[in-house]
Structures are given as C-alpha cells and as structure tokens.
C-alpha cells in the first residue's frame, strides 16, 4: 500500500510505500478495472513548449509546417551524419529530407500527413544536432 503526504496546495511531498503496490486490483480492495497513472500533458500550451524547444536548437528555422537546417560538412562527414540521422529517424518514424548541395547538407523535417510540426520533429532536430556535433567534432 502507498501513502502520499500532500502539502497545503495538494501537491505530493513524500510517498511512503511497502514495495507491494501494483496497478492490478487486489483481493478485498473493491477496485474495479485497471487505472494506470501517467503524467498529465499540459493543454493549450502545445505550440509554446515546441517553440521553446525549437528556440534552444540554434540554426533550425521553421518555414511554415517544416523545420530546416543547413550544415557545413565534407563528404565523409555527410555520409556519417546521414547514417546517424537514419537511425534516429527510424526510431521516431519520421522521414527527413536530406540533400547535399554546394558542400552543405540540407535537412528538412515535416510531418508526413502535412499537419503542424510535432514533438517528434523537434526531438529529431535535437538528435541531429547531437549527431552533427559528434561527427564534425571527431575529425
């Protein structure tokens, strides 16, 4: 059994439990159904937190319903970066548009169904930034 201690505002301060808690109903507790606990997502602030996250990613620009980035790298760096992007994109199930032009790698991220940018595209942009720093920094 778990016991939460709440402050005056109703927020949990501490939790005391016996490590026997489960999400499944136990005999004698009159629980019906299964209630899974999860974090509540903020409502009505979706654009705000995506904009804030995008602002932290230097170099990325939002052009309508897509994110764009141009990176300076040579051919071998482009190949290594593309492989890393492919792994991250497959994990997130996003298909980035990547092309090589005039010694630069151009990346465009957009939702496949033509909708607004989602947290998936912003997450992939962050992973691309990490991959770029790794690839360019190692040579």
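Numbering (UniProt numbering), first residue to last: 1 to 139.
Even for Gly, the Cβ is constructed at its ideal location relative to N, Cα and C.
Can you give me the start and stop residues for the alpha helix (DSSP H) that residue i sits inside?
{"i": "residue 133", "result": "119 to 137"}
{"i": "residue 8", "result": "Residue 8 -> no alpha helix (DSSP H), and no H or E assigned at all."}
{"i": "residue 82", "result": "75 to 92"}
How many whole angstroms separate the CB atoms of residue i and residue j, which I take to be in contact at a CB cut-off of 8 Å?
{"i": "residue 81", "j": "residue 115", "result": "Not really, about 27 Å apart at Cβ, beyond 8 Å."}
{"i": "residue 57", "j": "residue 8", "result": "Contact doesn't hold; Cβ gap of about 39 Å is too wide."}
{"i": "residue 94", "j": "residue 120", "result": "6 Å"}
Name the two residues that bound the continuous beta strand (DSSP E) containing residue i.
{"i": "residue 63", "result": "61 to 63"}
{"i": "residue 95", "result": "No beta strand (DSSP E) contains residue 95, which DSSP labels as neither H nor E."}
{"i": "residue 105", "result": "104 to 110"}
{"i": "residue 71", "result": "66 to 72"}
Measuring straight from C-alpha to C-alpha, what distance separates residue i and residue j?
{"i": "residue 72", "j": "residue 102", "result": "9 Å"}
{"i": "residue 78", "j": "residue 49", "result": "30 Å"}
{"i": "residue 70", "j": "residue 64", "result": "17 Å"}
{"i": "residue 76", "j": "residue 132", "result": "12 Å"}
{"i": "residue 74", "j": "residue 52", "result": "31 Å"}
{"i": "residue 99", "j": "residue 92", "result": "20 Å"}
In terms of alpha-carbon separation, which member of the options lies closest to residue i?
{"i": "residue 54", "options": "92, 96, 118 and 137", "result": "118"}
{"i": "residue 85", "options": "65, 48, 66 and 108", "result": "108"}
{"i": "residue 67", "options": "91, 129 and 134", "result": "129"}
{"i": "residue 123", "options": "110, 134 and 135", "result": "110"}
{"i": "residue 134", "options": "52, 62, 83 and 100", "result": "83"}
{"i": "residue 112", "options": "89, 100 and 131", "result": "89"}
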